[in-house]
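Chains as they are written, first to last, in the numbering used here: chain Y, 79 to 389; chain G, 52 to 201; chain L, 422 to 681; chain C, 8 to 668; chain H, 4 to 133.
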Amino acid sequence: MHNSSCTVKETARKILESGQAERLLGWEQDSSGYNHAPAVFKSAGELDRFIYDRFCGSNLSKLLARLREAEGRTAVLLKACDRESFNLLVREHRIDPEQVHRVDIECSGMVDIEKLRNKGIKGIREITESGDELHISTLYGEKRCRSEEVLLEKCLSCPAVSSADAFDAVGQMEERSSLERYEFWKEALSTCIRCNACRNSCPVCTCEQCIFDNPRSGTAGKASADFFEDQHFHLVRVFHAAGRCTDCGECTRVCPQGIPLYLLNRKVIKDINELYGELSLEDKELGKGALTSFSFQDAHPDIIRKRTGDQ
Amino acid sequence: MSVDKQPFKPLIAAFCCNWCSYAGADLAGTSRLAYPAEVKIIRVPCSCRVNPLFVLRAFQRGADGVIIAGCHPGDCHYTTGNYYARRRMTLLFSMLDYLGIEKERTKLDWISAAEGVKFATVMNDFSKEIHALGRNTRFGDLRCTTAVAQ
Amino acid sequence: MVFDYYPGCTLKTEARELDEAGRRSAAALGIELQELDAWQCCGAVYPLGRDEIAPRLSSVRALAAARDHRRDLLTLCSACHHVIKRVNHDIRTDEKIRDTANSYMEGEQAYQGETKVVHYLEMLRDTLGFDELKNRIKKPLTGMKIGAYYGCLLLRPGKVMSFDNPENPSIMESFITALGAEPVIYPYRNECCGGYITVKEKDQAARTASRVIDSALEHGADCLITACPLCLYNIDVNGTSSKDLPVYYITQLLAQALDV
Amino acid sequence: MQRIGVFVCWCGSNIAAAVDIETVVQAMKSEPGVVYSTDYQYMCSEAGQGKLKDAVKEHGLTGIVICACSPRMHEATFRNAAKAAGVNPYMVEIANIREQCSWIHRDRAEATAKAVVLSRTAVAKVNLNTPLTPGTSDVVKRALVIGGGIAGLQSALDIAEAGYQVDIVEKQPTIGGKMAQLDKTFPTLDCAACILTPKMVDAAQHENIRIYTYSEVEQVSGFVGNFSVRIRGKARSVKADICSGCGLCMEKCPSKKAKDEFNMGLNNRRAIYIPFAQAIPNVPVIDREQCIKFKTGKCGLCARVCPADAVDFEQQDSIIEERYGAVVLATGFHTLSLEHYDEYQYARQPDVITSLELERIMNAAGPTGGKLLRPSNGKAPKSVVFVQCVGSRDTTGCGKTYCSKICCMYTAKHAMLIREKYPEVDVSVFYIDVRTPGKNFDEFYRRAVEDYGVRYIKGMVGKVVPEKGRLLVRGSDLLDDSQVALEADLVVLASAVEADASAKGLATLLTASIDTNNFYTEAHPKLKPVESPTAGVYLSGVCQGPKDIPETVAQASAAAVKVVGLLSKDKLLSNPCIARADELLCSGCSNCEHVCPYGAVSYIEQELRIHGRNQIRRIAKVNEAICQGCGACTVVCTSGAMDLRGFSNSQIMAEVDALCR
Amino acid sequence: MHQNNNYLVETAAQISGVNPKSCMKCGKCTASCPAFDDMDLSPHMFVSMVEAGRIRELMESTSLWKCLSCFACVERCPRGVEPSTLMEAVRLMVIRKQGGHRISADEIPELLDKRIPQQALTSAFRKYSR
């Protein structure tokens with residue numbers, strides 16, 4: 079990653095120096111060092127702040143939608159997982175691809191600092207890697223661990239860096255009884271503080287005004303006075319992303335309460351894969367998604383009732 | 052509308068498309084085919100008009116079951132509306148099930164304008180299922196349901 | 422190119438020539454046939470009953486072995502080909518058969534129909550190519566007028582076997598052309614020879630076989646070729662036509678033309 | 008705040024017997040917005056409506072709730088009454104307390120309680136109703152007919168006769184379609200050309216009709232009353248305006264190897280050709296695939312001999328852009344390719360032919376000059392065998408699942424004609440069922456059997472076997488429970504009718520829908536058989552499903568009447584309960600466009616003032632003339648920008664709240 | 004053996020997986036059958052009789068033992084009915100009964116000639132016995 083980090087920075091420099099773009103979307107060194115924030119770089123001189131390492135989890139594509147009004151082209155660095163969200167935003171006309179200089183960059187998986195800490199690794203100074211092993215030089219000496227063990231949840235669905243089956247956890251959840259699921263989610267979702275971080279970081283949540291912020295929508299609500307509100311908010315959020323969510327994992331990554339939101343998103347993706355499979359080529363070309371297309375042979379909703387498991 | 056000490060009286064919201072299922076309900080009425088009074092119908096132009104938000108809203112406000120009825124596949128007045136409804140509701144029902152809300156509380160069925168008997172049968176069967184499940188405790192808003200109890 | 426090879430019982434006994442000429446020719450053509458270890462008889466007839474699981478198992482074992490070797494499974498005898506290809510199709514399309522069959526299988530990974538079943542002729546057509554075959558021929562069978570006798574098992578049911586057009590096949594004719602001979606197209610080339618009925622109903626078998634022979638003779642064939650030992654037997658032994666019509670295995674003429 | 012009046016109808020005893028009317032009336036009085044609540048025996052009567060009008064005046068009502076029978080019964084009645092009283096008709100809502108309450112619930116207390124809930128639900132909705140006015144749009148007084156066969160010609164002629172302009176677009180070099188290829192027509196046996204060609208001439212000469220042959224519709228936009236269509240006229244390589252149709256070019260053309268499509272490939276034609284003698288326009292076209300000049304650059308003989316100097320090798324496709332108020336689809340059919348039916352040996356044996364090929368053989372202008380001869384050797388056949396249902400009624404995926412409808416009759420016709428002209432020829436027909444519903448149809452078929460001695464065999468053919476220069480047709484005779492083997496010299500296959508290949512593409516262009524067989528779907532199978540579900544698009548002929556000539560002509564005229572009815576209007580009124588996007592909320596994501604079954608959503612770049620700044624945004628725009636109000640778009644709109652008037656999100660939620668309260 | 008007729012019909016349907024109701028009585032199976040001359044019940048009759056529930060008569064039929072399983076009827080049936088699969092189902096119902104075998108080991112030697120391939124014997128055993 080060290081090598082690619084240098085080349086990425088070099089690429090960024092070239093783009094800004096050559097004037098291929100007016101600005102570049104990248105990451106800047108975070109004070110903590112473990113969660114680099116997205117930043118706009120307007121000249122090569124500003125690139126001192128630029129960083130690309132194992133802690134650049136955030137997805138830059140959504141910011142492009144916010145920069146739509148800006149003059150001139152914007153260059154953006156896209157990791158593999160971010161490219162799908164980028165494509166969705168283009169498909170939904172939230173980004174004008176003509177205005178974007180797109181740079182696909184390599185990524186060997188981003189590290190979840192919490193997972194590292196849980197392994198008792200603290201005082202991190204530098205991380206290097208060899209093979210699938212990370213070498214962490216810390217204040218307390220050199221530590222090692224397998225990189226897959228400390229990757230962000232989102233990276234586990236990336237075939238390039240992880241051999242895990244992203245849907246395993248969903249499958250296990252499906253195996254549980256209805257009541258067990260209810261109790262699991264009651265515990266998990268009740269901790270939601272409605273900070274809206276999941277929504278704000280989500281690249282598919284780009285409505286001009288979210289219905290939860292619109293008093294006229296009949297759905298607005300900020301506080302979670304009743305558990306229903308928690309269920310409702312997360313159901314609607316997931317449903318609005320259904321067929322559009324690219325499993326970029328931002329929601330899970332940013333949730334301060336550690337709610338396993340990926341279990342919801344991946345469930346929808348799993349359902350869509352199992353029930354509807356791939357979109358037809360024609361629908362794909364038209365830019366449709368799972369909920370804006372159909373097939374005559376689609377299953378009837380009773381298929382849900384026929385699922386086994388104790389209710 | 053007192054709740055206590057009375058046998059469980061469920062509340063079922065039925066969204067019926069104007070062209071087929073609402074007419075099927077009319078036919079059930081004209082044919083004097085009884086189904087429980089707890090089934091109450093909301094008329095929508097097409098099953099594809101039913102926003103999942105409406106279904107959630109009904110549960111929030113105290114419904115114990117929600118059923119959506121539309122034209123049979125291929126017969127939609129708007130040609131394809133029910134196909135979209137089918138996908139949406141399948142995914143919605145699946146998510147509710149996944150969140151541990153009893154999957155029998157939601158249903159979608161196709162009822163044509165000629166199927167008065169089917170309308171009554173479907174509603175009777177659905178009502179029986181809801182009776183068997185009992186009150187919706189997993190997905191209601193206490194603030195709304197306590198208002199009913201008063 | 423390496424194939425897993427399933428010879429079948431008859432190729433080890435009465436139809437030894439079908440097998441041996443096939444192996445010699447394949448070797449000459451640079452095709453490696455790796456005979457499966459411990460293959461079992463396919464049962465000779467495809468079990469039409471959906472509830473017959475046991476008769477499908479030997480096919481499933483052969484298919485699973487080929488899957489484990491990551492190779493296509495090559496067959497030569499029409500009957501074996503028919504049975505194994507159809508069982509493979511069952512495994513792919515019938516959940517009940519798949520699950521039940523797998524419950525009888527040893528080994529870790531359930532067989533899901535991953536293997537491709539290839540007939541020797543399909544291998545010549547699709548892997549080697551008839552044009553290439555023609556180039557490799559050392560002693561072309563110039564002047565021979567050969568009738569292709571397909572019979573039933575290679576072609577039908579067309580949707581499952583997807584071997585060739587079941588009513589107007591051409592693969593054997595292309596094969597004959599590649600050998601340097603002249604194919605004779607006659608209408609009964611895809612009609613039944615009588616099959617197993619020969620065991621108990623000699624009259625019936627004689628009539629079905631004779632119809633094929635008469636039709637081939639009328640259209641000017643000097644001889645017939647087949648991939649099926651039972652077809653060969655019926656045509657050769659049961660036919661009661663006026664004129665004699667020799668029948669050969671496809672591989673016999675192939676070996677002859679390749680001079681191996 | 009609305010001022011709502013509630014009117015509870017007794018419907019005689021229909022409602023009053025099961026529901027305590029007074030309880031409902033009183034309960035409504037405490038509902039928000041209600042200023043007046045009353046009841047009456049028959050609200051739908053003159054007196055009942057009068058009561059409504061009086062109350063509007065007296066109480067200044069802005070909204071009305073009628074608690075009565077189904078809205079499907081009297082919604083229109085009460086809307087009109089409201090309108091007469093000066094209240095917008097869309098401020099009326101009906102609570103259905105008869106069909107959905109009094110008629111099905113025996114327990115009076117239960118029924119009354121439900122009636123209260125249904126009534127307050129209607130009140131909750133009316134509180135959020137807004138006055139709606141139907142939109143209007145202009146009608147372009149010109150129709151487009153796609154397809155120049157008998158269906159298209161008939162529709163065009165009828166529309167033109169009614170005084171409207173019509174354009175016919177035909178992809179072949181001539182109009183006439185399949186009927187031009189037929190020899191005789193059942194059940195009268197009159198000559199097809201004799202009745203068709205005068206219609207072709209009528210169409211060509213009609214002052215209201217323009218014909219674009221060798222042309223195809225390429226793009227369609229717009230909506231009922233105002234379609235914009237782009238038509239591509241393919242280059243004929245002959246200048247139609249100066250060609251005199253003398254035919255010298257065709258005589259001299261040295262390229263003679265192209266299959267003559269009009270004669271079903273039974274003979275060859277030149278590279279420059281007119282499909283048949285009565286073709287309209289009588290202008291040749293160069294088949295560029297076959298022309299030596301186009302292939303090698305050498306030749307040009309036709310240009311040299313043309314006395315009018317009309318041959319133009321450089322000619323380009325022409326593009327015509329035109330606007331139309333209505334479109335008639337008349338794209339017709341072709342016959343199924345028989346690649347999956349090789350047991351009949353069609354591909355291998357020249358003497359196995361299709362019925363359409365037989366039409367050409369029997370036709371005096373056909374490849375044999377009308378003599379029944381075997382294609383293999385040009386000799387007269389002694390025995391002809393017909394096979395019906397080839398590719399029809401087939402559920403295996405090889406053919407078509409439907410009955411092609413016309414084969415029984417044309418086969419009887421062919422059999423009869425052969426027996427009449429060549430009494431020495433044996434004619435047999437293998438059939439599964441003989442289907443002859445139609446005026447004089449069964450009599451016709453029986454004549455073939457009884458008067459002409461055609462042998463009808465109930466059974467199917469398993470295989471055609473070429474033997475000793477003839478064809479052995481191996482079939483079954485089910486009535487005799489036997490196998491039969493007939494020696495034949497000619498075998499005629501009634502291959503299935505299938506929708507023309509162009510149907511699917513046109514369906515996409517016009518958002519008309521097609522069924523699994525690529526036939527256009529009608530708006531209603533019984534009551535709207537010539538309308539497509541897309542307003543302003545009508546169906547004519549076999550493109551909607553197999554039919555014979557009289558049925559085709561009847562449907563063509565029916566479609567024409569619908570078109571004339573539409574074009575006779577200056578303005579179109581539209582249903583006001585349609586979708587609308589809130590421009591400030593819309594993010595232009597296109598998802599509503601994807602699900603709209605009518606193509607009613609388009610996008611515009613609009614400048615909006617947002618937070619004191621001007622911004623250009625991509626905004627969904629619903630075309631009010633096209634939207635039918637299904638609401639599919641509203642659900643995919645995550646921001647709720649897209650809403651449906653009359654069934655808005657807030658209205659339905661208010662209903663849910665009231666219902667669950 | 005259960006003698007209830009519905010049971011027999013159901014068994015035939017289960018073994019064959021074929022729906023005889025989709026037959027439209029076109030007779031293409033009978034037209035295609037190379038064993039027709041040797042059969043007492045033609046293939047289309049066979050399908051009709053399964054549909055009519057006349058399984059017991061079919062179990063007595065000689066057609067069962069004449070069908071070559073050449074699949075010409077299966078290939079050509081325009082309705083996907085598979086007459087020979089139905090025949091096989093009934094044949095299996097017969098040979099699965101006690102004493103339902105049509106061949107015994109004792110008969111074999113006299114049926115053999117020198118050249119008969121193993122495949123023929125295996126096939127015959129599979130067709131005639133359990």
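For every residue, glycine included, the Cβ atom is placed at its ideal position computed from N, Cα and C.
query: Are the CB atoms of residue 164 (chain G) and residue 84 (chain G) nearer to each other than 8 Å?; result: no
query: Drop a sphere of 10 angstroms on the beta-carbon of residue 229 (chain C), count the other beta-carbons inside from all chains shown, and report buried for 16 or more, exposed for fewer.; result: buried
query: Can you tell me whether DSSP reads residue 192 (chain C) as helix, strand or coil?; result: strand
query: Please classify residue 52 (chain H): does DSSP put it in a helix, a strand, or coil?; result: helix
query: List, in order along the chain, the chain L residues whose C-beta lies closer than 7 Å to that of residue 354 (chain C)?; result: 589
query: Establish whether the CB of residue 357 (chain Y) and some CB of chain C are separated by less than 8 Å.; result: no
query: Using alpha carbons as the reference points, say which of L:450, L:620, L:490 and L:433 lies closest to residue 684 (chain L).; result: The structure shown does not extend to residue 684 (chain L), since chain L is modelled only from 422 to 681, so the question has no answer here.
query: Would you mind telling me which residues of chain C sit closer than 9 Å to residue 639 (chain L), beta carbon to beta carbon, in chain order?; result: 474 and 475
query: Whose Cβ in chain Y lies nearer than 7 Å to the Cβ of residue 622 (chain C)?; result: 147
query: If the criterion is Cβ atoms closer than 8 Å, does the pair residue 669 (chain L) and residue 646 (chain L) meet it?; result: yes
query: Hey, residue 576 (chain L) and residue 590 (chain L) are a contact pair by Cβ (cut 8 Å); roughly how many whole angstroms apart?; result: 6 Å
query: Taking the alpha carbon of residue 192 (chain Y) as the reference point, which residue from Y:97, Y:110 and Y:285 has its own alpha carbon closest?; result: Y:110
query: Return helix, strand or coil for residue 609 (chain L), following the three-state DSSP convention.; result: helix
query: Roughly how many angstroms separate the alpha carbons of residue 585 (chain C) and residue 180 (chain Y), rounded to a whole number?; result: 40 Å
query: According to DSSP, is residue 649 (chain C) part of a helix, a strand, or is it coil?; result: strand
query: Could you spell out where the alpha helix (DSSP H) holding residue 501 (chain C) opens and where it closes?; result: Element bounds for residue 501 (chain C): not the alpha helix (DSSP H) but the beta strand (DSSP E), 497-502.
query: Whole angstroms are fine: how far does the CA of residue 553 (chain C) sit from the CA of residue 408 (chain C)?; result: 12 Å
query: Can you tell me the Cα-Cα spacing of residue 577 (chain C) and residue 233 (chain C), whole angstroms?; result: 12 Å
query: Quick one: is residue 516 (chain C) near chain Y, going by C-beta distance under 8 Å?; result: no
query: Can you list the residues of chain C that residue 45 (chain H) reaches, using a CB-CB cut of under 9 Å?; result: 483, 485, 488, 489 and 490
query: For residue 219 (chain C), I'd like the list of residues in its chain whose CB is within less than 8 Å of its CB, leaving aside the five on either flank, ordered along the chain.; result: 174, 175, 176, 177, 238, 240 and 327
query: Do the CB positions of residue 522 (chain L) and residue 481 (chain L) come within less than 8 Å of each other?; result: yes
query: For residue 103 (chain G), which residues in chain Y fall below 7 Å Cβ to Cβ?; result: 317
query: Could you tell me the boundaries of the alpha helix (DSSP H) in which residue 277 (chain Y) lies?; result: 275-279
query: Reducing DSSP to helix, strand and coil, say where residue 79 (chain Y) ends up.; result: Unreliable placement is indicated for residue 79 (chain Y), whose pLDDT of 47 sits below 50; no coordinate value is reported for it.
query: Let's see if you can read the secondary structure: which residues bound the alpha helix (DSSP H) around residue 303 (chain C)?; result: 299-303
query: Should the segment 625-633 of chain L be regarded as contacting the segment 77-90 of chain H, the criterion being three or more beta carbon pairs within less than 8 Å?; result: no
query: Would you kindly check if the distance between the Cβ of residue 292 (chain C) and the Cβ of residue 245 (chain C) is under 8 Å?; result: yes
query: Could you tell me whether the Cβ of residue 307 (chain Y) comes closer than 8 Å to any Cβ of chain C?; result: no
query: By a C-beta neighbour count over all protein chains shown, 10 Å radius and 16 as the cutoff for buried, is residue 345 (chain Y) buried or exposed?; result: buried
query: Closest Cβ-Cβ distance between residue 67 (chain H) and chain A: below 8 Å?; result: The structure shown contains no chain A; the protein chains it does contain are Y, G, L, C and H.
query: Could you check if residue 446 (chain C) is buried or exposed, using at least 16 other CB atoms within 10 Å of its CB as the buried criterion?; result: exposed
query: Under DSSP, the beta strand (DSSP E) around residue 64 (chain G) begins and ends at which residues?; result: 63-68
query: When you compare only the Cα positions, how much space is there between residue 212 (chain C) and residue 182 (chain C)?; result: 13 Å
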